[in-house]
Amino acid sequence: MRGYAAAPAEPPAVPRGMALRSETGGGVLEALAQRPGAIRPGTPYAAIARAVLEGEGFHAASELRVAWLRGEAEELSWLPDLGPDLSLAALRRMSDEAQAQPQRFDTPRKQAERDLALAGIDGAALALAEEANAQVFEAISRHLDAEEARARADVYEAGYRDLAALDWPLAQAGVPAELERLRAQVSRVRDGRRAALETAGAARAELAAMGDSRLGGVEGLGGLRDLVAPSPLALMQARVEDRARLARDRRAANALLDGLDLRRSPEELAALEEAAGFDGEGSEPGDWSPPEGEPRWTQAAVAAAEREIGNTARELEALRAAHPETERRRASAAASAVQATRLFRSGLLPAGQALGPVLNALDAQETELSQRFALARAELRMAYLRGTLVPGSEL
Numbered sequence: 001m002r003g004y005a006a007a008p009a010e011p012p013a014v015p016r017g018m019a020l021r022s023e024t025g026g027g028v029l030e031a032l033a034q035r036p037g038a039i040r041p042g043t044p045y046a047a048i049a050r051a052v053l054e055g056e057g058f059h060a061a062s063e064l065r066v067a068w069l070r071g072e073a074e075e076l077s078w079l080p081d082l083g084p085d086l087s088l089a090a091l092r093r094m095s096d097e098a099q100a101q102p103q104r105f106d107t108p109r110k111q112a113e114r115d116l117a118l119a120g121i122d123g124a125a126l127a128l129a130e131e132a133n134a135q136v137f138e139a140i141s142r143h144l145d146a147e148e149a150r151a152r153a154d155v156y157e158a159g160y161r162d163l164a165a166l167d168w169p170l171a172q173a174g175v176p177a178e179l180e181r182l183r184a185q186v187s188r189v190r191d192g193r194r195a196a197l198e199t200a201g202a203a204r205a206e207l208a209a210m211g212d213s214r215l216g217g218v219e220g221l222g223g224l225r226d227l228v229a230p231s232p233l234a235l236m237q238a239r240v241e242d243r244a245r246l247a248r249d250r251r252a253a254n255a256l257l258d259g260l261d262l263r264r265s266p267e268e269l270a271a272l273e274e275a276a277g278f279d280g281e282g283s284e285p286g287d288w289s290p291p292e293g294e295p296r297w298t299q300a301a302v303a304a305a306e307r308e309i310g311n312t313a314r315e316l317e318a319l320r321a322a323h324p325e326t327e328r329r330r331a332s333a334a335a336s337a338v339q340a341t342r343l344f345r346s347g348l349l350p351a352g353q354a355l356g357p358v359l360n361a362l363d364a365q366e367t368e369l370s371q372r373f374a375l376a377r378a379e380l381r382m383a384y385l386r387g388t389l390v391p392g393s394e395l
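Residues 1 to 395 in UniProt numbering are what the sequence shown lists, from first letter to last.
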């Protein structure tokens, strides 16, 4: 039984210069683990995301993107090995173990080497999140392609029946211009339906490959929460890359000092700094490190990420504002076509006068269909740009 009389020996004090620089990294692993998910559970989107994340394609891509990290662990004997299953939890354990004994890093070069490895672990976690979001985005995009093509084929099939019913009456009426117009539309609808079915089949085949053939019966649109993530994944990656750059610079600058005891007198430390090419200004015994440049991610990365999100947000707002009116016109045109068809079949309306409402209804249905799926794609792209298609709990 473990007693409480004798407390364990405290580890030796670590000089202030040995403090973990990775603490300034902003808690990348913690932020990713707490990242929310925009896909509503129980929807077709959720089924697609689950199949993709459990598929062999995602695991193979993830392994390729962090293969270099395994090599780094082999090269650095103090860096823990990454287990066979890649996940945020595994990367978090790797990071924690690498930081467990700060007294091990007793030279500036070793500190820089450690910080570079920790930035690599954070980068691998971000690559995992980006890969998951990208593959789910691609899979749902293929699903939307298939669903739009299937819906368009249904519209064309119904339109073909309505138009074909007018062919014989128009031919009997002896109105060649109207008959030519009708047959051109019948040909367009017939070809459109054939192309839509081919598109749907191709998209379904691609989707089945992404989900290891487990997505054959998924139909319909999903639901997305309009979440605003703390930071886009691209911005977080840029920050990690900047940390890695600074660590590489420090490692190179301190190569000459490796193995030397930094707890020296001010005179000895000043001489070492001068030999390494630094003037020693602002340094203190036991807390020396080369000067660090300003981060380079703050302007270019932030501007690029915010610009893309802003453009998509404006597109999304315009589509959301326009769709209700488009749906109203579709419903009105469909009602007019139904009424005209009913009157035609009752013998109260000539076929030539029924053709116009039927064509207007077909055009309105195609317009609404295109806009509805454009809106769905814009919502999907916004969630992808924000990095919220896959919650951290699923990584």
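Using N, Cα and C, we set each Cβ at its ideal position, and we do this for glycine too.
Inter-stretch contact (C-beta, 8 Å, three-pair minimum) for the segment 169-179 and the segment 111-118:
Not touching, per the Cβ criterion.
Straight-line gap, P231 to G42 (C-alpha atoms, nearest Å)
Start at 1 with the first residue of the sequence shown, and residue 231 comes out as number 231. Start at 1 with the first residue of the sequence shown, and residue 42 comes out as number 42. According to the sequence shown, residue 231 is Ser rather than Pro. Each residue's CA atom was taken as its position, placing S231 and G42 some 27 Å apart.
Please look up how many angstroms separate the CB atoms of L224 and L380, rounded, as I've assumed it's under 8 Å.
Against the sequence shown, residue 224 aligns to sequence position 224. Against the sequence shown, residue 380 aligns to sequence position 380. Contact holds; Cβ gap of about 7 Å.
Please tell me whether T107 and N311 are closer than 9 Å, where the distance is taken between their beta carbons.
Numbered from 1 along the sequence shown, position 107 holds the residue referred to as residue 107. Numbered from 1 along the sequence shown, position 311 holds the residue referred to as residue 311. The answer is no: Cβ separation not under 9 Å.
Nearest-angstrom Cβ-Cβ length linking G217 and R40, presumed shorter than 8 Å
Taking the sequence shown and counting its residues from 1, the one referred to as residue 217 is at position 217. Taking the sequence shown and counting its residues from 1, the one referred to as residue 40 is at position 40. About 19 Å; that fails the 8 Å criterion.
With a threshold of 16 other CB atoms inside 10 Å of the CB of D191, please say whether the residue is buried or exposed.
Counting from 1 along the sequence shown, the entry for residue 191 is found at position 191. So D191 ends up on the exposed side.
Three or more C-beta pairs closer than 8 Å, one from the segment 138-150 and one from the segment 240-253: is that the case here?
Contact fails: fewer than three Cβ-Cβ distances are below 8 Å.
Pick helix, strand or coil for L221, following the three-state DSSP scheme.
Within the sequence shown, numbered from 1, the residue matching residue 221 stands at position 221. L221: coil per DSSP, three-state reduction.
Buried or exposed: R114, going by 16 or more other Cβ atoms within 10 Å of its Cβ?
Locating residue 114 in the sequence shown gives position 114, where the first residue counts as 1. Looking at its Cβ environment, which holds 16 or more other Cβ atoms inside 10 Å, R114 is buried.
Given 8 Å as the limit, tell me if A129 has its C-beta closer than that to any heavy atom belonging to the ligand COA.
In the structure shown, the ligand COA is absent, as is every other ligand, since no ligand is present at all.
Alpha helix (DSSP H) containing T199: first to last residue?
In the sequence shown, the residue the question calls residue 199 occupies position 199. In the DSSP assignment, T199 falls within the alpha helix (DSSP H) that extends over 176-210.
On the DSSP letters alone, give me the boundaries of the alpha helix (DSSP H) that G123 sits inside.
For the purposes of this step, residue 123 is taken as the residue at position 123 of the sequence shown. Looking at the DSSP string, the run of the alpha helix (DSSP H) that includes G123 is 108-164.
Does DSSP classify E379 as helix, strand or coil?
If you number the sequence shown from 1, residue 379 lands on position 379. It is helical.
Inter-residue spacing [alpha-carbon to alpha-carbon] between residue 416 and A331
Lying outside 1 to 395, the shown extent of the chain, residue 416 is not represented and no answer is given.
Among E138, N133, A98, which one has its Cα closest to the Cα of E394?
Indexing the sequence shown from 1 puts residue 394 at position 394. With distances taken between Cα atoms, E394 lies closest to N133.
Taking Q365 as the reference, give the member of L64, A334, E30 with the closest Cα.
Sequence index remark: in the sequence shown, residue 365 carries index 365 (1-based). Ranking L64, A334, E30 by Cα distance to Q365 puts A334 first.
Exposure of Q237, with buried meaning 16 or more beta-carbon neighbours within 10 Å:
Reading the sequence shown from its first residue, position 237 is the one you call residue 237. When all chains shown are included, Q237 counts as buried.
For the putative contact between L32 and A129, defined by C-beta atoms under 8 Å, what is the C-beta separation to the nearest angstrom?
The count along the sequence shown starts at 1 and reaches residue 32 at position 32. The count along the sequence shown starts at 1 and reaches residue 129 at position 129. About 5 Å separates the Cβ atoms of L32 and A129, confirming a contact at the 8 Å cut-off.
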